[in-house]
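Engineer: Chains as they are written, first to last, in my numbering: chain U, 21 to 130; chain A, 573 to 688. Built from N, CA and C at the ideal position, the CB exists for glycine as well. Before I ask anything, here is the structure I am working with.
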């Protein structure tokens, strides 16, 4: 599979702060996805992006599909304790074979 | 709707033993997948199926076999377990009919496997 580089690896922030993370690839993708995994659970889809330059929001989460189609960004505004978890980016061209990043671990202190 | 369920939740095997992991979905999805997740790694695709009776290899298929005899079930088999197969295994399913549905994969809670 294609290698996705996700950064940062981990973040430790205070409640109320904004969070930014990104994902880059050596190859272009037609679709970028962002998942969240809570401890002991499977990943849950947060946002799907289908077009270069697209900006999509889901509540306090906003994700962007990079213009080059080789990167994507996820922002979380006004973080809360339940935002804790691991955030994964994934890219695909086939529609079913997802290439995952290694994840960004987010810790939020009250 | 239970969504995607996996059995068992946790298992310990000795090297060389065999076992089958069961995944079931009640959403009438066409596509099903098996991933493994290792510490500090993203999920890597082992095998997938685009319909009943069909299977295909993913990124890391060696040492695993799969079967999809019924649309709602996807089985992952380890014929001779090795310590390198210690991992958390996730099953997922997706509707499989055109964008955006194919990318919307729903994951099960995972099976934690330890091979001694």
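Taking the alpha-carbon positions, what's the residue 621 of chain A to residue 646 of chain A distance?
Structural biologist: Straight-line Cα distance between these residues: approximately 8 angstroms.
Engineer: By Cβ distance below 7 angstroms, which residues in the same chain neighbour residue 640 of chain A in space, the five residues on each side in sequence not counted?
Structural biologist: So the qualifying residues of the chain are 604, 621, 624, 625, 626, 627, 646.
Engineer: What first and last residue would you give for the beta strand (DSSP E) that runs through residue 49 of chain U?
Structural biologist: Taken as a continuous stretch (DSSP letters only), residue 49 of chain U belongs to no beta strand (DSSP E), as it is neither H nor E.
Engineer: Measuring alpha carbon to alpha carbon, tell me which of A:662, A:596, A:600, A:667 ends up nearest residue 61 of chain U.
Structural biologist: The candidate whose alpha carbon is nearest that of residue 61 of chain U is A:662.
Engineer: Could you have a look at residue 634 of chain A and say whether DSSP puts it in helix, strand or coil?
Structural biologist: Note: residue 634 of chain A maps to coil in three-state DSSP.
Engineer: Beta carbon of residue 42 of chain U, beta carbon of residue 94 of chain U: below 9 angstroms?
Structural biologist: Yes, Cβ-Cβ distance for residue 42 of chain U and residue 94 of chain U is below 9 angstroms.
Engineer: Grouping DSSP H, G and I as helix and E and B as strand, with all else coil, what is residue 656 of chain A?
Structural biologist: Correct three-state label for residue 656 of chain A: helix.
Engineer: With three or more beta-carbon pairs closer than 8 angstroms as the criterion, would you say the stretch 43–61 of chain U touches the stretch 84–93 of chain U?
Structural biologist: With the cut-off at 8 angstroms, the stretch 43–61 of chain U and the stretch 84–93 of chain U touch.
Engineer: On a CA-only basis, which of U:114, U:85, U:107, U:79 is nearest residue 30 of chain U? Give me that one, please.
Structural biologist: It is U:107.
Engineer: Have a look at U:34, U:47, U:97, U:64 and flag the residue whose alpha-carbon is nearest the alpha-carbon of residue 682 of chain A.
Structural biologist: The option with the nearest alpha carbon to residue 682 of chain A is U:64.
Engineer: Residues of the stretch 98–116 of chain U with a CB closer than 7 angstroms to any CB of chain A: list them in chain order, please.
Structural biologist: If the cut-off is 7 angstroms between Cβ atoms, the stretch 98–116 of chain U has 108, 112, 115, 116 near chain A.
Engineer: Please state the DSSP three-state secondary structure of residue 58 of chain U.
Structural biologist: It is coil, neither helix nor strand.
Engineer: Out of A:579, A:630, A:652, state which residue places its alpha-carbon closest to the alpha-carbon of residue 586 of chain A.
Structural biologist: Taking only the C-alpha atoms, the option nearest residue 586 of chain A is A:652.
Engineer: Contact criterion: CB-CB distance below 9 angstroms. Does residue 624 of chain A meet it with respect to chain U?
Structural biologist: No, because no Cβ of chain U sits closer than 9 angstroms to the Cβ of residue 624 of chain A.
Engineer: Smallest Cα separation from residue 656 of chain A: which of A:596, A:588, A:637, A:606?
Structural biologist: Residue 656 of chain A has its Cα closest to that of A:588, out of A:596, A:588, A:637, A:606.
Engineer: Whose Cβ in chain U lies nearer than 8 angstroms to the Cβ of residue 603 of chain A?
Structural biologist: Chain U residues near residue 603 of chain A: 116.
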